[in-house]
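Under numbering that gives the first Met the number 0, the sequence shown has 2 at position 3, and the numbering climbs by one with no breaks.
Even for Gly, the Cβ is constructed at its ideal location relative to N, Cα and C.
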Amino acid sequence: MAVTVGVPGLTGRSDVRLVSARLRDVPGVLSVEVDAAAGVVVVRGSVDAPAVRAALLEVGYLPEPLTD
């Protein structure tokens, strides 16, 4: 399963590292792909959209749903 969300405000490598690290800590996550230029994050594994959203909110980003 993959969850794809829009994440506005990803402006640099530090943002990518912060988001990636937090999402990798979510139980069930197998991989995280962050495209800062497009403002898109793809999370793969046995994880659901609410868990991804909660993790992003914890690090200060308001995700915009694209798919789940």
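Asked, Found
"Cut-off 6 Å between Cβ atoms - residues of its own chain near P62, not counting five sequence neighbours on either side", "V4, V6, R52 and L55"
"V15 - DSSP class collapsed to helix/strand/coil", "helix"
"Closest Cα partner of V137 within the set A37, V42 and G59", "Coverage of the chain is limited to positions 0 through 67, which leaves residue 137 absent and any answer about it impossible."
"Assigned secondary structure, L61 (DSSP; H/G/I helix, E/B strand, else coil)", "coil"
"Secondary structure of V28, DSSP reduced to three states", "strand"
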